[in-house]
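The next block holds one structure in the form of structure tokens; read it before the comments.
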Amino acid sequence: GTEVGVRAGSANATTAPTFAFNATTARVITARANATLQIGAIQTNQVIGLKYRSSTTTWELLNPALLGPYFKATQGSDQVLANNTFTKANMDTEVVDTGGYYDTTNKRFLPLVAGRYHIKSSTYLSGVGANQYQFAIYKNGAAVNLNVNGDASVALPTVYFSQVSGIASLNGSTDYVEVFALISAAS
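In the numbering used here, each number is its position in the sequence shown, counted from 1, plus 390.
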């Protein structure tokens with residue numbers, strides 16, 4: 391069938407968005423193998439590839455199907471960290487969540503699609519007065535990636551930015567990831 395590349399004017403807000411090529415009849419866009427498209431699979435201004443399938447009279451989305459579910463969550467308000475205690479980051483505000491797998495109540499990502507996921511988190515600290523700051527990605531309750539900033543003998547600046555990232559293999563049923571942080575105040 392015909393293949394086209396287009397820039398999306400907006401994100402798909404339904405599971406059955408349509409596309410019309412050269413003033414032809416608008417046809418539903420599907421995921422691969424005529425599967426239902428996830429809401430948010432097409433993002434605003436994203437260049438997408440479409441292939442017309444005459445057997446189903448639909449357009450098949452080619453490129454975003456290679457991407458698994460993804461999300462971005464932020465903190466809705468400041469969070470106070472206890473000294474020398476790993477505390478879960480209060481990421482309670484979803485910015486995007488293509489599969490609906492981010493849980494704002496438990497502050498965790500539990501995708502129901504198996505695969506390898508790139509997990510990245512950033513933090514901004516203000517007025518911490520700490521000597522060391524640790525930022526960790528946890529998988530199923532245990533740290534799998536850790537970023538340690540600072541030195542026990544030198545105080546960190548009062549405004550500090552840090553990030554941690556890593557690749558996590560998630561089984562698509564029970565595996566989940568969370569972000570935790572720890573500060574160590576001057577003794």
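C-beta: ideal position from N, C-alpha, C; glycine also.
Item to complete: Find the nearest neighbour of threonine 446 within the set Gly489, Gly439 and Asn424, judged by alpha-carbon distance.
Response: On the sequence shown, position 56 is the one that residue 446 refers to. Here the closest residue by C-alpha is Asn424.
Discussion item. According to DSSP, is alanine 423 part of a helix, a strand, or is it coil?
Written reply: Here residue 423 corresponds to residue number 33 of the sequence shown, with the count starting at 1. Reduced to three states, the DSSP call for alanine 423 is helix.
Worksheet entry | Cα-Cα separation between threonine 392 and serine 467, rounded to whole angstroms | Counted from its first residue, the sequence shown places residue 392 at position 2. Counted from its first residue, the sequence shown places residue 467 at position 77. For threonine 392 and serine 467, the distance between alpha carbons rounds to 49 angstroms.
Worksheet item: If you count every other CB in all the chains shown that lies within 10 Å of the CB of glutamine 553, and 16 or more means buried, which is it?
Response: What you label residue 553 is simply residue 163 of the sequence shown in a count that begins at 1. Flag for glutamine 553 reads exposed.
Discussion item. Distance check for asparagine 435 and glycine 399, CA to CA, integer angstroms please.
Written reply: Along the sequence shown, one-based indexing puts residue 399 at 9. Along the sequence shown, one-based indexing puts residue 435 at 45. Taking the straight line from one Cα to the other gives about 6 angstroms.
Discussion item. On the DSSP bridge list, what partners appear for serine 467?
Written reply: Reading the sequence shown from its first residue, position 77 is the one you call residue 467. BP columns for serine 467 are empty, so no partner.
Discussion item. From the DSSP secondary-structure annotation, give me the bridge partner or partners of isoleucine 527.
Written reply: In the sequence shown, residue 527 corresponds to position 137, counting from 1. According to DSSP, which records beta bridges pairwise, isoleucine 527 is partnered with Asn535 and Val569.
Discussion item. Suppose you measure from the CA of leucine 456 to the CA of glutamine 428; what does that come to, to the nearest Å?
Written reply: The sequence position of residue 456 within the sequence shown is 66, counting from 1. The sequence position of residue 428 within the sequence shown is 38, counting from 1. For leucine 456, the predicted structure reports a pLDDT of 47, less than 50, and the residue's modelled location is therefore unreliable. A value from the coordinates is still provided. Their backbone Cα atoms lie some 13 angstroms apart in a straight line.
Discussion item. Could you pull the DSSP bridge partners for leucine 451 from this structure?
Written reply: Taking the sequence shown and counting its residues from 1, one reaches residue 451 at position 61. Leu440, per the DSSP bridge assignment.
Worksheet item: Cβ of lysine 379 within 8 angstroms of Cβ of valine 485?
Response: In this structure the chain extends from 391 to 577, so residue 379 is not present and cannot be described.
Fill in: Chain-order list of residues whose beta-carbon lies under 6 angstroms from that of serine 577 (same chain, five-residue window excluded)
Counting from 1 along the sequence shown, the entry for residue 577 is found at position 187. Confidence is the limiting factor: at serine 577 the pLDDT is only 43, short of 50, which leaves the residue's position unreliable, though a coordinate-based value still follows. Counting only Cβ-Cβ distances below 6 angstroms, and skipping sequence neighbours, we find nothing.
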